[in-house]
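Novice: Residue numbers (the working numbering), protein chains in the order written: chain A, 5 to 438; chain B, 5 to 438.
(1) Measuring straight from C-alpha to C-alpha, what distance separates residue 38 of chain A and residue 248 of chain A?
(2) Taking Cβ-Cβ distances below 7 Å as the criterion, which residues of the stretch 70-99 of chain A are in contact with chain B?
(3) Spell out whether any CB of chain A is found under 8 Å from the CB atom of residue 161 of chain B.
(4) What are the complete beta strand (DSSP E) segments, minimum 3 residues, inside the stretch 364-417 of chain B?
(5) Taking the alpha carbon of residue 432 of chain A as the point to measure from, which residue in A:306, A:204, A:291, A:159 has its own alpha carbon closest?
(6) Use the C-beta contact count for residue 220 of chain B: other C-beta atoms within 10 angstroms, 16 or more gives buried, fewer gives exposed.
(7) What are the uninterrupted segments assigned as beta strand (DSSP E) that are 3 or more residues long and contained completely in the stretch 38-85 of chain A, given in chain order?
(8) Along chain A, in chain order, which residues have C-beta atoms closer than 7 Å to that of residue 234 of chain B?
(9) Flag residue 54 of chain A as yes when its Cβ comes closer than 7 Å to any non-hydrogen atom of the ligand GDP, and as no otherwise.
(10) Counting only beta-carbon separations shorter than 8 Å, does residue 430 of chain B have a partner in chain A?
(11) Is the beta carbon of residue 172 of chain B closer than 8 Å to that of residue 374 of chain B?
(12) Helix, strand or coil for residue 129 of chain A per DSSP?
(13) I need the straight-line Cα distance from residue 167 of chain A to residue 18 of chain A, nearest angstrom please.
(14) For residue 36 of chain A, count the other beta carbons within 10 Å of its own beta carbon; 16 or more makes it buried, fewer makes it exposed. Which is it?
(15) Compile a chain-ordered list of the residues in the stretch 215-242 of chain A whose CB is closer than 7 Å to at least one CB of chain B.
(16) Pull up the DSSP beta-bridge partners for residue 349 of chain B, would you.
(17) Beta-carbon separation of residue 29 of chain B and residue 234 of chain B under 8 Å?
(18) Buried or exposed: which applies to residue 309 of chain B, given that a residue is buried once 16 or more other Cβ atoms fall within 10 Å of its Cβ?
(19) Could you compute how far the alpha carbon of residue 357 of chain B sits from the alpha carbon of residue 40 of chain A?
(20) Residue 66 of chain B: which of B:103, B:75, B:165, B:128 sits nearest, CA to CA?
(21) Cα-Cα, which of A:242, A:350, A:217 is closest to residue 189 of chain A?
(22) What's the call for residue 48 of chain A, buried or exposed, on a 16-neighbour Cβ count within 10 Å?
(23) Around the C-beta of residue 429 of chain A, are 16 or more other C-beta atoms found within 10 angstroms, so that it is buried, or is it exposed?
(24) Chain A beta carbons: is any one of them nearer than 8 Å to that of residue 5 of chain B?
(25) Please determine if the stretch 230-245 of chain A and the stretch 382-400 of chain A are in contact, where contact requires at least 3 C-beta pairs separated by less than 8 Å.
(26) Report yes or no: is there a C-beta of chain C within less than 8 Å of the C-beta of residue 246 of chain A?
(27) For residue 418 of chain B, tell me which candidate among B:436, B:395, B:327, B:70 has the shortest Cα-Cα distance.
(28) Are the beta-carbon atoms of residue 237 of chain B and residue 370 of chain B separated by less than 8 Å?
(29) Can you tell me where the beta strand (DSSP E) with residue 338 of chain A in it begins and where it stops?
(30) Answer with buried or exposed for residue 26 of chain A, where buried requires no fewer than 16 other C-beta atoms within 10 angstroms of its C-beta.
(31) Given that a residue counts as buried once 16 or more other Cβ atoms are within 10 Å of its Cβ, and exposed if not, what is residue 191 of chain B?
(32) Between B:120, B:97, B:175, which lies nearest to residue 148 of chain B when the distance is taken from Cα to Cα?
(33) Note down, in chain order, each residue of its chain lying with its Cβ closer than 6 Å to the Cβ of residue 405 of chain B, except the 5 sequence neighbours on either side.
(34) Would residue 9 of chain B pass as a contact of residue 200 of chain B if the rule is Cβ separation under 8 Å?
(35) Pair every Cβ in the stretch 256-267 of chain B with every Cβ in the stretch 53-60 of chain B, then say whether three or more of these pairs are closer than 8 Å.
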């Protein structure tokens, strides 16, 4: 006899909202590190964050119900840090350091709520903007993306039968476990979960993180998701993102300031953090220009995170640059995080093995890989390339070039101005799938 | 169609051990407060704790499989404080106070494991002793009791069918909710969960605690269970227990020291804690003698926890004593915690309303009341009166008298010696059901 728990069933069937974001720390750890810096150094700066769907063939506003989206965004706005979360942030050790967050910052964060949003539909897409103080709008990036992505998977699964769903997840689990089996053959591999923003769902991300914990053991160095790190006694990982040089560049009023912007934010960062958190993200306005003009102290930092060049090519250029600065790459760290799948991780690992320390941030292909899992073709389960980027700072347009022109964001005229300023050397067009 | 999750089912059916104790902080908060004091002031004292089943008609060793008991005790011994728990203990506020636990104590606790046990069967009962340092053996009290009680409920339910179990829990929930409805009619009521040691099971205690949280709101002032307090963002509550005066008395080598023992431990306590933690437990060797010989400073403490006298009678005597010391009882707190059910809570509340501050610690009748719930009479679900008490300290017998001769524990000759010394005034024989 199979028994159905009646109370659970009625509760499930009369559920008003199945929340996608369950906690204010269901976000990436680097958002909190950046937030503390913004709160401390740039509390008066305004910044707009905007949703950008680079997969324009997918008409999000046709797939996702606007009211459901509003309900989820409103629910996220209702969240506040819980007492347990505040205690954990204050008391946990991050990157070997105690009290990485100042008490005053945590007191401010305890009262924080996500600010208002602007939402409307245009040409089958959602226009979703967050206007206001940078230290408030910045926190929308991850929850906004996670909400859009999970609403999209829910819509894709809405009409599937129970067996179809059962097989779908069975295949996805089998697929995930095959990846685990391949990864655990690589000695000394260091890999972490970077998949919050593009995850299929919160529960699926949790399953994947727990599978890695059981499956690859020591090689699993943590998760960028703060809540999952807390709940599963894992390390919270991450450093900084493009929004820092993007805002610094947008605020520049002279060519000198613009040229200095990518290095200035590194100096800001260094004031607050140290050690393993000193990771350079070089590609906001092109890695070639960044390296050519970088002050010598940049070579003293722990490592680089090449985020848009092809990993082997991009890694080699950074190694060359370190050597030109008299550094031994074996003391240095490369963090690869751009659209990695298992093949790319293994190829990159084998290529650089023994020549440099490496770490892999595994995102969308970890937490949202259902390709070939649905019993019938289901385009809605294919991840899209969607980001939530800063688009202006104090009313001035913010731009990212990256090493791949398809990952550039911002006003086209401003992108041209930046390209002229920073140059196009080393730019490589690559398909952006996620 | 009802779907069974096959992986879950196989996992459940091949389960090696369904652990009763899941965490080292699945214990009463007062054990940690006392532990810090023992660790600090009495680190060299040895103390034996022993299981005492006062309901001798229940032959525990016939009901509970010895190997299952060993497996559960062994599992509890495998537990260590997790990182998240350590952070929470260090960072949480208890009774409005930060850092109630010293860093050195928490560092010691992080390495702590429950010590060895001695177990054998005698006359249908288990003899279960914990020998060693007081600061180690003391921590067995709550998990040992919770294990025995839950193994007993599991044994009582082993042969029940699925519908019978479903109805059993349905009735227990309905019964519990009727109590909630009665309690919420009392304005200003303050009640907390003291039911860890005698709970039906961990999951049932959690259900009851969550029901109180939803059902009586502000009137629910917390739980003595540290893990549940952490997991549900509730206050952890509790102060101290009889083991403190019992050990102090056992260690006394002269009549003067014996007479001073109950007050000496209060002074020790006062060195470490303050405010709402200054609660006197007066009955270890009889409340009448305690009050008669108490130094004046005892009247400055926040309150009393009468734990074995009938609540109204016992409360009145303490109020009289406060008044004799020139104190206004309305500034004072009485904590009632001895075998309370809803009727006793309501009667006591109404009796003292407006005359003294009150708080109720609700134990066995909260977390283990299945009377009338089983579709067929099931004696195994009736809670028994079982305790785990200190029985010797540095090889000298430890004794408790209490205000109810049926709650006395310890070597009979030694009980007689204490009775002669402390007197029998105010002793009231009451049935001890839980």
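C-beta: ideal position from N, C-alpha, C; glycine also.
Specialist: With the given structure in hand:
(1) Going from the Cα of residue 38 of chain A to the Cα of residue 248 of chain A covers about 8 Å.
(2) Listed in sequence order: 86, 87, 88, 91, 92, 94, 95, 96.
(3) Taking 8 Å as the threshold, the shortest C-beta distance from residue 161 of chain B to chain A does not fall below it.
(4) Correct list: 390-397.
(5) Ranked by Cα distance from residue 432 of chain A, the first of A:306, A:204, A:291, A:159 is A:291.
(6) Residue 220 of chain B should be labelled buried.
(7) As far as the stretch 38-85 of chain A is concerned, its whole beta strand (DSSP E) runs of at least 3 residues are 51-57.
(8) Simply 88.
(9) The ligand GDP is not part of the structure shown, which contains no ligands of any sort.
(10) The beta carbon of residue 430 of chain B sits no closer than 8 Å to any beta carbon of chain A.
(11) The answer is yes: Cβ separation under 8 Å.
(12) Here residue 129 of chain A sits in strand by DSSP.
(13) Taking the straight line from one Cα to the other gives about 22 Å.
(14) Buried, by the Cβ-count rule.
(15) Within the stretch 215-242 of chain A, the residues whose Cβ lies closer than 7 Å to some Cβ of chain B are 234, 237, listed in chain order.
(16) Within the DSSP secondary-structure output, residue 349 of chain B pairs in no beta bridge.
(17) In this structure, residue 234 of chain B lies closer than 8 Å to residue 29 of chain B by Cβ.
(18) It counts as buried.
(19) Here the alpha carbon of residue 357 of chain B sits roughly 50 Å from the alpha carbon of residue 40 of chain A.
(20) It is B:128.
(21) Residue nearest to residue 189 of chain A within the set A:242, A:350, A:217 is A:350 (criterion: CA-CA distance).
(22) Burial state of residue 48 of chain A is exposed, judged by a 10 Å Cβ sphere holding fewer than 16 other Cβ atoms.
(23) Counting Cβ neighbours within 10 Å, residue 429 of chain A comes out exposed, since fewer than 16 surround it.
(24) Reliability fails at residue 5 of chain B, whose pLDDT of 49 lies under 50, so the model's placement of it is uncertain and the value that follows must be treated cautiously. Among the CB atoms of chain A, one or more fall inside 8 Å of the CB of residue 5 of chain B.
(25) The stretch 230-245 of chain A and the stretch 382-400 of chain A do not touch, with fewer than 3 CB-CB distances between them shorter than 8 Å.
(26) Of the chains in the structure shown, none is chain C; the protein chains are A and B.
(27) With distances taken between Cα atoms, residue 418 of chain B lies closest to B:395.
(28) Going by C-beta atoms, residue 237 of chain B is not nearer than 8 Å to residue 370 of chain B.
(29) Looking at the DSSP string, the run of the beta strand (DSSP E) that includes residue 338 of chain A is 337-340.
(30) Taking a 10 Å sphere around the C-beta of residue 26 of chain A, we find fewer than 16 other C-beta atoms and assign the residue as exposed.
(31) Label assigned to residue 191 of chain B: exposed.
(32) Of the candidates B:120, B:97, B:175, the one whose C-alpha sits nearest the C-alpha of residue 148 of chain B is B:120.
(33) Within the same chain, residue 405 of chain B has close Cβ partners 289, 290, 412, 422.
(34) Contact: no.
(35) In short, these stretches do not touch, since the Cβ pair count stays below three.
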